[in-house]
Amino acid sequence: MHQPLQSKTMGVAVIILSWLLLDHHFHHVSAERSVYIVHMDKSSMPKAFSSHHYWYSSMLKSVKSEPQASFNSLKAEPKLIYTYDNAFHGFSALVSKAELEALKKSPGFISAYSDHILTPDTTHSYKFLSLNTATGLWPASKYGKDVIIGVVDSGIWPESPSFRDDGMTEIPARWKGICQEGEQFNSSSCNKKIIGARYFNNGFQAGNPDLPIDVNSARDMDGHGTHVASIAAGNFVDGVSFFGYAPGTARGVAPRARLAVYKVLWRGGTSSDILAGIDQAVADGVDIISISISNRNTNLYENPLAIASFGAREKGILVCLSAGNRGPSFATLRSGIPWAVVVASGTIDRWFAGTLTMGNGKTITGWTTFPARTPVRDLPLVYNKTLSACDSNELLAEAPDQSVVVCDITIENRSFIFAMVYLSESNVRAAIIIAEDISILRSVSFPYPGVVISPTEARQVIDYASSSSAPRVSIDFQQTVLGTGPRAAPALSDDSSRGPARSYPHILKPDIMAPGVLILAAYYPYAVGPRIGKNIFLSSDYTLLSGTSMACPHIAGVAALLKAAHPEWSPAAIQSAMMTTANPLDNTNQPIKEQDNTVALPLGMGSGLVDPNRALDPGLVYDASQQDLVNLVCSMNFTLEQTQTIIRSSYNCSTPSSNLNYPSFIAIYNSPDQGRTLTRRFQRTLTNVGDGAATYRVKLEKPKNTKIQIRPQILVFKKKYEKQSYSLTITFKAPDFTTGAPDGSITWIDNRGKYSVRSPIMLSPGVADD
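Every position in the sequence shown, counted from 1, becomes a number in the numbering used here once 170 is added.
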């Protein structure tokens with residue numbers, strides 16, 4: 171969960187522990203019966219049944235096992251939980267292992283796996299992405315008018331101003347969804363902005379009958395779903411800030427798009443509930459699905475997000491997924507689903523600051539999110555090496571009352587959190603904190619007045635304090651700095667999960683990067699937010715959260731804008747337009763960096779930062795049909811049952827192919843390949859979506875120590891929608907795993923210089939089995 175770092179440290183620990191205990195409880199709630207998800211061949215239903223629901227119910231009744239002499243045998247019979255018929259075919263049920271074995275003998279059975287817990291991954295960002303009212307994607311798409319974004323998450327807080335329907339037209343007639351009533355949520359909770367709301371917890375309750383449901387409705391009692399929804403499609407709200415920081419007008423990426431909410435998270439979420447939510451979203455008629463949830467299972471045929479998103483793509487729905495927050499290590503991305511847009515998280519060009527002014531007139535802009543305008547004016551400055559640890563009440567008691575102390579937490583890696591605790595218990599008025607840990611610059615918990623500065627900046631403060639007989643300082647809070655500032659933006663967030671994907675490494679994942687660090691958006695207004703001191707707890711209608719959860723709805727919003735501007739484009743074309751126009755450079759025109767200032771690789775940022783206005787008119791796109799995706803799955807060396815779990819019986823594996831027409835390239839090598847010369851061949855087809863005839867020439871940036879051959883090197887298109895193909899062959903000597911992963915790119919540039927269609931090329935070690 172994306173909770174403020176300091177005031178919620180214990181809370182986060184409790185949540186994590188509760189998820190672990192919940193997962194354990196979920197799988198051991200009954201020795202006789204557990205929840206399983208069962209995939210069926212829909213075409214095998216006997217004609218005697220009027221619907222698949224009755225067929226599945228009959229199957230469960232026929233496999234009922236004999237009661238066993240135990241307390242848990244009070245659960246007298248297997249229970250059907252959900253019937254799925256849109257994103258995939260099958261059902262979930264509470265059954266014993268013996269009953270499951272009997273089910274496997276039923277006609278039409280394909281596969282089954284146990285239900286398991288999944289977890290969620292969290293104003294200025296639209297400006298950072300250059301969205302504007304004058305030109306580009308916003309006016310061309312009418313701000314996403316009438317596109318329906320399905321948000322599968324923890325529900326919504328409908329009273330938030332971000333979900334008012336001011337300026338919204340009538341609900342599209344094609345919409346099939348409902349506003350499901352429940353606890354503290356009625357039909358009037360929906361409007362022309364929130365056009366649908368449903369909740370799914372049968373799987374959670376079946377696996378955890380003793381755990382209560384907080385609010386049994388689509389109402390968000392966590393804040394995560396509300397935040398995500400408002401990023402994607404929140405309406406215009408003036409005068410928003412986070413306790414004076416990041417002031418301005420809040421708005422989603424697609425402020426005129428509709429929202430359909432599917433609440434599936436209840437202290438985490440179960441596969442069966444999440445599948446039900448996505449299945450219903452497909453049936454209701456959403457256009458885009460945004461899912462900021464992580465799944466631990468790396469097998470695509472047992473991953474509910476992979477299975478349901480495949481079915482959604484069949485219906486023409488683009489699914490956006492968060493990459494996860496397990497970075498920065500190699501191969502920490504688990505759900506690298508080839509038929510979904512997987513989104514990495516980056517910073518934006520916004521800095522929350524306090525200005526430190528010394529008695530000698532010099533100023534330093536430091537980091538702070540202290541949530542008040544407290545007076546720190548012309549106070550004594552105290553610095554000595556003993557006191558600067560700031561790690562005990564006894565030491566801080568030696569500082570004069572109403573002074574400003576210098577705390578150096580770079581010494582032996584002392585903790586910012588503990589320094590805040592000791593300072594809050596002292597009579598010191600404020601602190602200047604010297605730190606190198608960049609994670610502090612993501613914290614929205616700053617309970618004590620102060621600013622964070624770097625060791626380099628600290629030299630000025632220490633020199634002044636040491637040379638002046640009566641050093642004094644002032645600090646001004648609640649400042650927001652925009653632009654290049656102290657750090658270039660974007661930078662790849664350190665916790666964003668890196669590829670290659672453990673689920674399938676042969677498609678480069680993540681696909682693209684979007685703003686995901688300290689994003690201001692709507693929130694559950696009664697959540698405990700930042701605090702002042704030890705016991706003043708604050709809350710807010712809008713908060714700053716970080717994570718790939720926050721990056722994902724940015725891409726869902728951009729996809730909605732493109733869908734509105736180009737309703738004829740397929741999900742693959744929309745994805746390609748975003749990827750091939752993404753920017754690999756930061757706002758200083760240098761390659762995007764990691765937060766430690768090393769150059770970011772496509773394994774972390776995909777194609778780069780999304781550029782919505784360029785995506786509106788990309789020139790060329792890499793399109794792909796559902797059959798192309800079927801061919802990819804058929805090439806994955808799965809069993810017949812595992813393959814059918816994903817593609818269902820309506821397709822066959824007559825032409826398996828791993829050469830998916832994808833807007834990026836990755837050449838995988840494994841440990842036994844080191845030192846050997848390897849060749850990887852790729853075939854791609856580009857579709858001209860520009861106006862009229864065009865000629866493109868290739869520009870190549872080779873990964874180091876490789877040979878690349880591209881045929882042809884010129885593509886001539888005589889008309890719009892014409893297709894042209896090319897091949898790319900990479901020859902390289904597999905490097906030692908310790909030497910890193912080289913990268914490059916291929917770019918097709920038209921003769922007029924209007925279009926630049928770029929795809930990253932990545933050489934990468936393979937992924938070791940878990």
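Don't be surprised by glycine CBs; every beta carbon is placed ideally from N, CA and C.
Unbroken alpha helix (DSSP H) stretches of 4 residues or longer found wholly inside the segment 726 to 763: 741 to 750, given in chain order. The residue from Phe-500, Val-800, Val-591 and Val-423 with its alpha-carbon nearest to that of Lys-312 is Val-423. Cβ contact annotation for Arg-851 (same chain, cutoff 7 Å, sequence separation greater than five): Ser-897 and Thr-899, in chain order. Inter-segment contact for the segment 387 to 398 and the segment 315 to 329 is present: three or more beta-carbon pairs are separated by less than 8 Å.
For the 9 Å CB-CB criterion, Ser-716 and Ala-697 do not form a contact. The C-beta distance from Arg-599 to Gly-414 rounds to 19 Å, too long to fall under 8 Å, and the pair is not in contact.
Separation of Asn-822 and Asn-801 (C-alpha to C-alpha, rounded to the nearest whole angstrom) is 8 Å.
The residues Thr-813, Ile-816 and Ile-817, in chain order, have a CB closer than 7 Å to that of Val-803 in the same chain once the five nearest residues on each side in sequence are set aside. With respect to Glu-871, Ile-931 sits close: the two C-beta atoms are nearer than 9 Å. For Pro-545, the closest of Gln-648, Asp-561 and Arg-466 by C-alpha to C-alpha distance is Gln-648.
Taking a cut-off of 8 Å on C-beta distances, the segment 822 to 834 does not touch the segment 873 to 880, as fewer than three cross pairs fall below it. In this structure, Leu-429 is the residue among Leu-429, Glu-627 and Gly-366 with its C-alpha nearest to the C-alpha of Pro-723. Ser-281 has His-209 as its beta-bridge partners, per DSSP. Annotated three-state conformation of Leu-799 is helix, per DSSP. Under the three-pair Cβ rule at 8 Å, the segment 431 to 451 counts as touching the segment 249 to 257. Contact between Met-806 and Tyr-674 holds: their C-beta atoms lie close to 7 Å from each other, under 8 Å. Asn-829 carries a coil assignment under DSSP once its states are collapsed to helix, strand and coil. Looking from the CA of Tyr-432, the closest CA among Cys-349, Val-728, Phe-480 and Asn-563 belongs to Cys-349. In this structure, the alpha-carbon of Ala-282 lies about 6 Å from that of His-209. Excluding sequence positions up to five before and after Asn-597, its CB lies within less than 6 Å of the CB of Asp-571, all in the same chain and listed in chain order. When the alpha-carbon of Ile-507 is set against those of Arg-520, Asp-913 and Ala-482, the nearest one is in Ala-482. Taking Asn-753 as reference, the option from Met-775, Ala-743 and Ser-824 with the minimal CA-CA separation is Met-775.
One alpha carbon belongs to Ala-658, the other to Asp-519, and they sit about 7 Å apart. Boundaries of the beta strand (DSSP E) around Leu-551: 546 to 552.
With the rule of 3 Cβ pairs closer than 8 Å, the segment 639 to 653 does not count as touching the segment 492 to 501. If you draw a straight line from the Cα of Glu-568 to the Cα of Leu-557, it is about 8 Å long. Linking Thr-849 to Gly-860 through their CA atoms gives a straight-line distance of about 33 Å. Ser-204 and Gly-377 do touch by the CB rule: their CB atoms are close to 7 Å apart, below 8 Å.
Shown here for Arg-344: same chain residues with a beta carbon closer than 6 Å to its own, the five before and five after excluded, namely Gly-455 in chain order.
Straight through space, the alpha carbons of Phe-540 and Ile-604 are spaced by roughly 16 Å. As computed with DSSP, Ser-926 is found in a beta bridge with Ile-919. Annotation: the continuous beta strand (DSSP E) that includes Met-528 extends over 520 to 528. Cβ-Cβ separation between Lys-231 and Glu-269: approximately 10 Å, too far for a contact (criterion under 8 Å).
If you compare the alpha carbons of Asp-787, Leu-790 and Ser-819 with that of Gln-797, the shortest gap goes to Ser-819. For Val-322, the enclosing beta strand (DSSP E) begins and ends at 318 to 323.
Contact between Ser-330 and Ser-262 does not hold, since their C-beta atoms are separated by about 32 Å, which reaches or exceeds 8 Å.
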